[in-house]
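Note sheet for the following structure.
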Amino acid sequence: MPEKGLKTMIVDDDHMFIFIAKKMLESAEFVKDPLTYANGKTALEYLEQNPDDAEHFVIFLDINMPVFSGWDFLDRVCEMPLKDRISVFMVTSSVNVSDKRRAATYPVMKAFLEKPVGKEKYASLKEMEELRRFF
Amino acid sequence: MKLDQIPYIILVIEDNPGDFVLIEDYLLGHIASPEILHACSFNEARDILNEHGDRIQTIFLDLTLPDKSGEDLITEVVRMARKQPVIVLTGYTDASFAIKSLTLGASDYLLKDEMNAITLYKSLIYNMERKKSLMRLQESEQRYSDLFHLSPQPMWVYDTESLRFMDVNQAAERHYGYTAAEFSEMTIDDIRPAMHLKELHKLIRHIRKNNIDFSKVVSTHRKKDGTEITVEALTNRIEFKGIEARIVLANDITEKIEYIKAIEEQNKKLREIAWVQSHVVRAPLARIMGLVSLIQDEAIGKDELGVILLYLKESAHEMDEIVKDIVNKSHELDFNTDETDNPQSRTVSADAQKGDTPDA
Numbered sequence: 019m020p021e022k023g024l025k026t027m028i029v030d031d032d033h034m035f036i037f038i039a040k041k042m043l044e045s046a047e048f049v050k051d052p053l054t055y056a057n058g059k060t061a062l063e064y065l066e067q068n069p070d071d072a073e074h075f076v077i078f079l080d081i082n083m084p085v086f087s088g089w090d091f092l093d094r095v096c097e098m099p100l101k102d103r104i105s106v107f108m109v110t111s112s113v114n115v116s117d118k119r120r121a122a123t124y125p126v127m128k129a130f131l132e133k134p135v136g137k138e139k140y141a142s143l144k145e146m147e148e149l150r151r152f153f
Numbered sequence: 004m005k006l007d008q009i010p011y012i013i014l015v016i017e018d019n020p021g022d023f024v025l026i027e028d029y030l031l032g033h034i035a036s037p038e039i040l041h042a043c044s045f046n047e048a049r050d051i052l053n054e055h056g057d058r059i060q061t062i063f064l065d066l067t068l069p070d071k072s073g074e075d076l077i078t079e080v081v082r083m084a085r086k087q088p089v090i091v092l093t094g095y096t097d098a099s100f101a102i103k104s105l106t107l108g109a110s111d112y113l114l115k116d117e118m119n120a121i122t123l124y125k126s127l128i129y130n131m132e133r134k135k136s137l138m139r140l141q142e143s144e145q146r147y148s149d150l151f152h153l154s155p156q157p158m159w160v161y162d163t164e165s166l167r168f169m170d171v172n173q174a175a176e177r178h179y180g181y182t183a184a185e186f187s188e189m190t191i192d193d194i195r196p197a198m199h200l201k202e203l204h205k206l207i208r209h210i211r212k213n214n215i216d217f218s219k220v221v222s223t224h225r226k227k228d229g230t231e232i233t234v235e236a237l238t239n240r241i242e243f244k245g246i247e248a249r250i251v252l253a254n255d256i257t258e259k260i261e262y263i264k265a266i267e268e269q270n271k272k273l274r275e276i277a278w279v280q281s282h283v284v285r286a287p288l289a290r291i292m293g294l295v296s297l298i299q300d301e302a303i304g305k306d307e308l309g310v311i312l313l314y315l316k317e318s319a320h321e322m323d324e325i326v327k328d329i330v331n332k333s334h335e336l337d338f339n340t341d342e343t344d345n346p347q348s349r350t351v352s353a354d355a356q357k358g359d360t361p362d363a
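Quick note, the sequences are listed as chains D and R, same order.
Residue numbering for the first sequence follows this note's numbering, starting at 19 and increasing by one per position.
Residue numbering for the second sequence follows this note's numbering, starting at 4 and increasing by one per position.
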């Protein structure tokens, strides 16, 4: 039986962005201590080993990461039974039309965000259908 | 009967005075005021022709003169009379020769014993007109020959069956390095690199089978010195000297292609730079924007402020490096189109400096 509540993960190789995101998320009253991962592999491992840590997982995912990219991460997540309890928000410093189109093919992908993601943006996510009940 | 009012200028080369008077009378029977010049010998005729030149409109020539006769006489007079018809006057004994005189360039012949005023006059008028027509035709032929031979683009005609060169122009000789004489011994295979022959023959078969008239083909040609050039050949079907042939205009586009390649290469680099600019630059920029928002909107402790300022500095430096990199890459592109020791790029810049050369 999964634990109640929402778990938030930030997957990004840019430690400065993680610093900013944590502060913004806290300020938006989205989450106080998000889990942070510098690469997709360790994030996947966590999910595989702790699928019941929460009712729903929110993942802020950077597209351009070396070695294991955001796309590789998404591919693997879609193979997991856990996928119905996951909302992924892809984050990028520069929006590419082809990236947007590709992202739309993943049902776990809920929105495409452009860096810098501001406090207001994070706050607006709380209104989303899948997440509303947690706030 | 009304007399012809045109003041024809006629040279009669006749040594027999009786015959001359007869001719004169006949002419005056139909022409009001002709100017009749009389020569009794070849030398006299030559002097008169030198003096009067193109004023003279027709020449009547007796076949036997004291100082010249026969073939020699006709050939000489015809040569001197470039714009005038030469009408031969002959007696029965020379009748068969008279016909030969036509092949030597005489315009017409009249048998003196069968001649009368009417036939003489008719012959005059008819031959003058005919000569004018012939000259117009020659001029026209020369004009079209010049269009081919003096065309600034290499052109040639080849026999579709044997592939032999039937005619080439001066530009083709200059460009490919072969003389017209050498070309006449060659086929179009000889100006291609060996490995392209199969494709060439396939194309020729296709053109013949489908009765194609106009065609444009880009292929590799080979000059006499072995240099390979890229040629855009415009060809058309033509019947030449009764033989099925094709006429070809060869446009050497080797330089143009090199130039286009250089531009495409440069465009590719520019696109890369633009991509880099948008994606790579934006990463640190987004960070800076986020950090500034933090300082503005959030309650930040003193230590945290220090960290944020450090991050700002690092991100700004990162951006600086990227911008420098872009500037360097752009300079590399400029460098390639300047005069360098690369002969290829020298060609590119030389063309750019020459400006547009008109295309054929």
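All C-beta atoms in this analysis are idealised placements derived from N, C-alpha and C, irrespective of residue type, glycine included.
Just so we're clear, the structure is a prediction, and the values are computed from it rather than from any experiment.
Please classify residue i: is it buried, with 16 or more other beta-carbons within 10 angstroms of its beta-carbon, or exposed?
i	result
A39/D	buried
P361/R	The predicted position of P361/R is uncertain, since its pLDDT is 45 and thus under 50; no value can be drawn from it.
F217/R	exposed
F153/D	exposed
T93/R	buried
D70/D	exposed
W159/R	buried
I77/R	buried
N270/R	exposed
E342/R	For E342/R, the predicted structure reports a pLDDT of 45, less than 50, and the residue's modelled location is therefore unreliable. A value from the coordinates is still provided. Exposed: under 16 other Cβ atoms inside 10 Å.
L200/R	exposed
S318/R	buried
P37/R	buried
L143/D	buried
Mind listing the chain D neighbours of residue i? Cutoff is C-beta to C-beta under 9 Å, in chain order.
i	result
R290/R	D32, M34, F35, I38, S111, K133 and P134
Going along chain D, which residues have a C-beta under 7 Å from residue i?
i	result
E301/R	K41 and S45
H282/R	S112
L294/R	I38
Would you list the residues sitting across from residue i in a DSSP beta bridge?
i	result
K159/R	One detail in the question is off: residue 159/R reads as Trp in this sequence, not Lys. For W159/R, which the question treats as bridged, DSSP gives the partners V171/R and V251/R.
K86/R	None, per the DSSP bridge assignment.
L14/R	L40/R and I62/R
S136/R	Bridge partners of S136/R: none, in fact.
S15/D	No statement about residue 15/D is possible, as the shown extent of chain D runs from 19 to 153 and does not include it.
K219/R	L237/R
I246/R	F243/R
T190/R	R167/R
Counting only Cβ pairs nearer than 8 Å, list the residues of chain D close to residue i.
i	result
L297/R	I38, K41 and M42
H178/R	The premise fails here: H178/R is roughly 48 Å from chain D at the closest Cβ pair, so nothing lies under 8 Å.
R274/R	Near R274/R there are no residues of chain D at all, since even the closest Cβ is about 14 Å away, more than 8 Å.
S318/R	M34
A277/R	Going along chain D, no residue has its Cβ under 8 Å from A277/R, so there is no contact; the nearest lies around 12 Å.
For residue i and residue j, which I take to be in contact (beta-carbon distance under 8 Å), what is that distance rounded to the nearest angstrom?
i	j	result
V91/R	A101/R	6 Å
Y124/D	L92/D	5 Å
V283/R	N254/R	With 8 Å as the limit, V283/R and N254/R do not qualify as a contact, their Cβ atoms being about 44 Å apart.
D111/R	N130/R	5 Å
M83/D	N57/D	6 Å
A72/D	E21/D	5 Å
L113/R	T122/R	7 Å
L131/D	V109/D	5 Å
Residue i touches chain R at which residues, Cβ-Cβ below 7 Å?
i	result
K137/D	D300
Under 7 Å between beta-carbons, which chain B residues line up against residue i? List them in chain order, please.
i	result
R285/R	Given the protein chain composition of this structure (D and R), no chain B is represented.
Query - Cβ contact check for the stretch 9–26 of chain R and the stretch 124–134 of chain D: 3 or more pairs under 8 Å - result: no
Query raised in the report: Does the pairing of the stretch 292–304 of chain R with the stretch 323–332 of chain R give three or more beta-carbon distances under 8 Å?
Result: no
Report task. Examine the Cβ distances between the stretch 4–21 of chain R and the stretch 132–141 of chain D and report whether three or more of them are shorter than 8 Å. Result -> no
Requested in this report: State whether the stretch 26–42 of chain D contacts the stretch 313–323 of chain R, with contact taken as three or more CB pairs (one from each stretch) at a distance under 8 Å.
Outcome: yes
Query raised in the report: Three or more C-beta pairs closer than 8 Å, one from the stretch 219–231 of chain R and one from the stretch 194–210 of chain R: is that the case here?
Result: yes
Report task. Check whether the stretch 177–187 of chain R touches the stretch 200–216 of chain R, counting contact only when three or more Cβ pairs, one atom from each stretch, lie closer than 8 Å. Result -> no
Query raised in the report: Does the stretch 32–47 of chain R touch the stretch 56–71 of chain R, meaning 3 or more C-beta pairs lie closer than 8 Å?
Result: yes
Query raised in the report: Counting Cβ pairs, one atom from each stretch, are 3 or more of them under 8 Å apart for the stretch 168–176 of chain R and the stretch 239–252 of chain R?
Result: yes
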